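Input: a single structure, listed below in structure tokens.
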Amino acid sequence: MSEYQAFRVELADNIAHVQINRPEKINAMNAAFWSEIVEIFRWIDDTDAVRVVVLSGAGKHFSSGIDLMMLAGVANELGKDVGRNARLLRRKILQLQSSFNAVDNCRKPVLAAIQGYCLGGAIDLISACDMRYAADDAQFSIKEIDIGMAADVGTLQRLPRIIGDGMLRELAYTGRTFGAEEARRIGLVNRTYSDATSLLDGVMEIAREIAAKSPIAVSGTKEMLSYMRDHRIDDGLEYVATWNAAMLQSNDLRVAIAAHMSKQKPEFLD
């Protein structure tokens, strides 16, 4: 497994723990972060031993969002020609978007464990995850509005399906900070925990439960749920029929049925 500047990655019991590891900078997303997260999730997708991902932040906070020093560096690259500046900025924005697309498109479930600050770009990141969980001290804000820009890395595109259009508009227009309990109430997080330790313990327990299931069944379920975001019910039913016509021939089905009949825990191949 590679060493990273902005992350620490550990694999145990079929769970990849991906931790943003810049606590001295409140886990701000610098240039290394944006390139490394693509590399990490490409490795996760290609590694059969990984069945579930837990994403967390080292230290007291999940992440303060994009590193403003990185934004300042981009500003220094701009010249006098508006057209060329627009072309440069568009290319850089698309590159950032592709980083979080790698999380969203991952074939394995991604669970976010959030404590402390989850601001700006960090909201973009967690919106690309399958499920989100928070410690009671978590604080959320779609902060981009306060620095004179619209969120452009996924929040405005993904959150309507998670928390609803009206609530997203309120939070995006105002940039107001809200806590873990409100995040749970509006559906941004599934549940809350008393502190960061119990949060990570709880999320790891959920991850272990998922990792014990057939990886074929889990990845197929995620594929179907993701497909249904942009398709009609009839399309989804046709797709799952075609998918399962192949996947039901997997040995996992026989293993699961035999384990159920014998009341034993199933053991699935990676």
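Just so you know, we're using my numbering here: the sequence shown kicks off at -13 and counts up by one.
Even for Gly, the Cβ is constructed at its ideal location relative to N, Cα and C.
Quick caveat: nothing in here was measured; it's all calculated off a predicted structure.
TODO: Determine, using beta-carbon pairs with one atom in the segment 155 to 164 and one in the segment 123 to 134, whether at least three such pairs fall under 8 Å.
DONE: Flag = yes, the segment 155 to 164 and the segment 123 to 134 touch.
Task: Nearest to Trp29 (by Cα), restricted to the options Gly45, His3 and Ile52 - done: His3
Open item on the list: I'd like the span of the beta strand (DSSP E) that includes Phe19, first residue to last.
Closed with: Not the beta strand (DSSP E): Phe19 falls in the alpha helix (DSSP H), residues Ala17 to Asp32.
TODO: With DSSP as the reference, label Arg70 as helix, strand or coil.
DONE: Helix.
TODO: List the DSSP bridge partners of Gln117.
DONE: According to the sequence as given, residue 117 is Met; it is not Gln. DSSP output for Met117 lists Leu97 as bridge partner(s).
- [ ] Whole angstroms is fine: what's the gap from Arg171's alpha carbon to Asp122's?
- [x] 13 Å
- [ ] Below 7 Å CB to CB, which residues in the same chain sit around Met56 once its five sequence neighbours on both sides are set aside?
- [x] Asn16 and Ala17
- [ ] State the Cα-Cα distance for the pair Gln5 and Leu75, rounded to the nearest angstrom.
- [x] 28 Å
Open item on the list: I'd like to check one pair, Arg(-6) with Tyr44: are the Cβ atoms closer than 9 Å?
Closed with: According to the sequence provided, residue 44 is Ala. The question's Tyr does not apply to it. Their beta carbons are under 9 Å apart, which means Ala44 touches Arg(-6) by this criterion.
- [ ] With DSSP collapsed to three states, give me the class of Gln81.
- [x] helix
Task: Contact set for Trp229: own chain, Cβ-Cβ below 8 Å, skip 5 residues either direction - done: Gly206, Glu209 and Met210
Open item on the list: Which of the three DSSP states is assigned to Glu195 in this structure?
Closed with: helix
- [ ] With a cut-off of 8 Å on the beta carbons, I'd call Ile26 and Gly107 a contact; round off their distance for me.
- [x] The pair is not a contact, with the Cβ atoms about 17 Å apart (cut-off 8 Å).
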